[in-house]
Structures are given as C-alpha cells and as structure tokens.
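Numbering (my numbering), first residue to last: 1 to 435.
A virtual CB, placed ideally from N, CA and C, is assigned to each residue, including glycine.
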C-alpha cells in the first residue's frame, strides 16, 4: 500500500496540513497549579529576538538550546513548564508552575520560577498578562465564594460553573495591584486533560478579548473626522441636488480631498477592524464551548462579554461600515460632478462647433468674393501679357486692329479664367469629401 502511494503525485504540503491540527495540543494540567499567560505584540524582527531570548532561558536553566523555531514550542524545566505560541500579530507565553502547594493564592505565580530579570528582557509590546490559579474546590459553592472573594482585592467578581458544574471559574477582567489580571479555577471533579482544556479556553478568551478591543481607540479617533467629512459631503450633495451655480473645480477639489482622507483612514484601520471581527468570533466560540451555568447571582463570563465586549465590537463595525458608506457616497458625488462637468463641456463644444460653422460660412462667402476678385486680377494680368504679345506681332509687320483683338480677348480670357478657378475649386471639394 505504501509503495502504491509513493508512486502517486503527493502534494508538498500534505504532511504540514496533517500536522496543523496537532500543532497546538491542549495542556494537561494537574491540581493545584499556577499559570501565567502573556500575549506580546511582535514584529518580524522582534520574533527573531524573542527566539534568541528563549534560547537564553534554556542556557540559564541548564537545558539543551533549541536550534529551530516552531509555531508552538513547549518545554518543561523541572517544575516549570514554558509554552510559546506564534500567532499572526502576537506571541503568547504560558508559564505553568507545577510546584504549587498550599500557599496563599497569587502569592506565587507561573513566572515565579523564572530566572531573575529574564522576563524583563522580553522584547515586544505586552497586550495581555494575567495569572490563573488552579485550586481544588472547597465544600459547597458558598465555601468556594468565601475563599475566592478575598483574593481579588475587593473587585467585583464575574463567575460561572462551566462543564455542567465540574469546576468553578472566577475573575474580574481588571488589572490588579501587580499589573496582572487574575482568574481562579476551583476544580470539583475535572481530570487533568479536562482542566487543561478549560484553562486554555479561559486564556484564549482573555487574550482574544483584549486583541478585539484594539480597534476601539482607532474608531474613537477617526469618528470626529468622519462627522466633519459627512457634513461637507452633505453640503456638496445638496448644492448639486438644488442645481446651484457652483464652482465645479472647487467642489471637485473638495471631493478629492475627502476621498483621499477616507482612503487614508481605510488603509490605517481596515486590517484592525477585520481583525476585531475575527477575534470577537473566536471569543464567542470559546464562550459557547464553556457551557456555563450561573453562580450565586453573579454575571457569567458570557453575560459579561455580551454586555461589555459586544457593544465595543459593534461600535468598531459601525465605524468600518460608515467608512465604506462614505467612500461610496463620495464616488457617487464625484460621478455626478463628472457628469455635470461633461455636460458643460459638451455644451461648450456645441457652442464652439456652431461658432466654427458660422465662421466657415463667412469664410466661404469671403472665398467666393475673393474668387471673383481673383478672376478679374488674373484676367487683367493675362490681357496685359496678351497686349505685349500683340504689340510684338504688330511691330513684326502683321497689320491688324489691336484694340479690337484686345476687346474680343477680354471676355474670352475672363471666361476661361473663371472656368479654370471653378475646376480647381471643385477638385479641392472632392479631395475633402474623400478624406
């Protein structure tokens, strides 16, 4: 069977496509455990620096240094498990402290076992950073709540019971005094694999939530400019609709300026708005996978996200759609202006053609007049030449009446000249018609 397959034409990406589904396996997480998740916005240059930084961690911990960078890297240094995942815009670092004991929650975290000052040398811009404490559940929900509440610095809790009560999840979606966010998972009867999947979903929800909100400041920044351009466009459109006597050149300059500003905003924000929609869909998908139940009257994660995150995303979508709508309206107004200008140009061309037609008629009349003068002038010069010829013949001894001959010659010559001019005139007319 293998020999038969090898004889076929195999797609070069076949192995990569198979391995893609297994490139980011879920964690297997024991109870208790302390987890710290960080998402760092990176450039291509910073990714190379981050990989060298990860190699330095291996040297500091006395482990073999990895040679090649991969999309999802995971290694365990004794009681510390480090996982680095590369995404399109950011790199996520997950630090799991497997040596968790009965210490006070959040007194030690996933980054506690890291070498001193190693984390401070990480390049990139931190967008998400939070601790996740995994603890065995106390007896009863109220016991869980009393235990949890005192470790969130008095902030309002958001919590739920995912996976049909197999665990309790608590958080605040706020930054605490140490600059990190906090989540606590109280494990009732989840296996290590189930717990790993739950914590992975929680970390993705928090990270994607923050990534989806990156477009909100952009939307707020460009909204006043959109309002200003909307008003200017309304004035231009109204003046065109009322058929006012306007300066087309000035209006076209204004429309061109508005179109240029809109394209600049689109170039600056299109990717960010598209990414926000994608991250928001991921958040909603992860929330559905939690299968939450309400706890003690607290907002569930899904309710909190629906109430707070969805309006922010809708705001970004509304600004994005407004940009597209303004772009279309500017195009329509520009089309109307171009049509108006083209009609004006056609009217000017019609007037110019009428003027040229009148001039042609005048030139034709002048030409006929000049032709009459030309016949007289040519006849005059030809009679003069004929007179010199007759004088020569008369002096040679031929006797005749020179005056009578010249009198007879004048109408004859004039007729011949007139006919000759008309022949030439008709010849040029035929040439013009052939062209």
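For residue j and residue i, the rounded distance between their alpha carbons
i: residue 336; j: residue 19; result: 55 Å
i: residue 84; j: residue 39; result: 10 Å
i: residue 162; j: residue 208; result: 19 Å
i: residue 1; j: residue 102; result: Any answer about residue 1 is weak, because its pLDDT of 45 lies below 50 and its placement is not dependable; what the coordinates show is given next. Looking at the two C-alpha atoms, the distance is approximately 56 Å.
i: residue 105; j: residue 206; result: 20 Å
i: residue 131; j: residue 317; result: 31 Å
i: residue 267; j: residue 214; result: 16 Å
i: residue 376; j: residue 386; result: 15 Å
i: residue 34; j: residue 180; result: 14 Å
i: residue 176; j: residue 223; result: 32 Å
i: residue 269; j: residue 165; result: 42 Å
i: residue 339; j: residue 228; result: 26 Å
i: residue 217; j: residue 25; result: 34 Å
i: residue 47; j: residue 65; result: 17 Å
i: residue 398; j: residue 426; result: 41 Å
i: residue 70; j: residue 91; result: 12 Å
i: residue 125; j: residue 89; result: 11 Å
i: residue 95; j: residue 292; result: 26 Å
i: residue 118; j: residue 63; result: 15 Å
i: residue 392; j: residue 411; result: 22 Å
i: residue 366; j: residue 402; result: 36 Å
i: residue 353; j: residue 239; result: 30 Å
i: residue 332; j: residue 355; result: 34 Å
Buried/exposed call for residue i, threshold 16 Cβ in 10 Å
i: residue 11; result: exposed
i: residue 200; result: buried
i: residue 190; result: buried
i: residue 384; result: exposed
i: residue 362; result: exposed
i: residue 23; result: exposed
i: residue 313; result: buried
i: residue 44; result: exposed
i: residue 234; result: exposed
i: residue 407; result: exposed
i: residue 50; result: buried
i: residue 54; result: buried
i: residue 413; result: buried
i: residue 276; result: buried
Cβ neighbours of residue i in the same chain (closer than 6 Å, five flanking residues each side left out)
i: residue 282; result: 208
i: residue 61; result: 77
i: residue 184; result: 133, 148 and 170
i: residue 75; result: 82
i: residue 422; result: none
i: residue 136; result: 31 and 187
i: residue 320; result: 273
i: residue 344; result: none
i: residue 327; result: 262
i: residue 73; result: 84
Cβ pair residue i, residue j closer than 8 Å
i: residue 186; j: residue 37; result: no
i: residue 167; j: residue 198; result: yes
i: residue 159; j: residue 295; result: yes
i: residue 173; j: residue 304; result: yes
i: residue 248; j: residue 341; result: yes
i: residue 287; j: residue 301; result: yes
i: residue 419; j: residue 405; result: no
i: residue 236; j: residue 226; result: no
i: residue 122; j: residue 97; result: no
i: residue 394; j: residue 388; result: no
i: residue 219; j: residue 315; result: yes
Sequence-distant residues of the same chain with beta carbon closer than 7 Å to residue i, five excluded per side
i: residue 279; result: 208, 211 and 212
i: residue 192; result: 28, 29 and 30
Selected residue, minimal CA-CA separation from residue i, among the options
i: residue 93; options: 128, 65, 108 and 115; result: 128
i: residue 334; options: 135, 255 and 426; result: 255
i: residue 415; options: 428, 395, 379 and 402; result: 379
i: residue 107; options: 150, 290, 262 and 396; result: 150
i: residue 87; options: 21, 42, 63 and 98; result: 42
i: residue 297; options: 5, 157 and 54; result: 157
i: residue 409; options: 430, 428 and 381; result: 381
i: residue 290; options: 220, 330, 53 and 196; result: 196
i: residue 417; options: 392, 403, 431 and 373; result: 373
i: residue 329; options: 308, 413 and 258; result: 258
i: residue 182; options: 271, 109, 119 and 220; result: 109
i: residue 310; options: 332, 331, 299 and 284; result: 284
Cβ shell of residue i (< 8 Å), same chain only, five flanking positions each side left out
i: residue 115; result: 57, 60 and 61
i: residue 112; result: 34 and 97
i: residue 424; result: none
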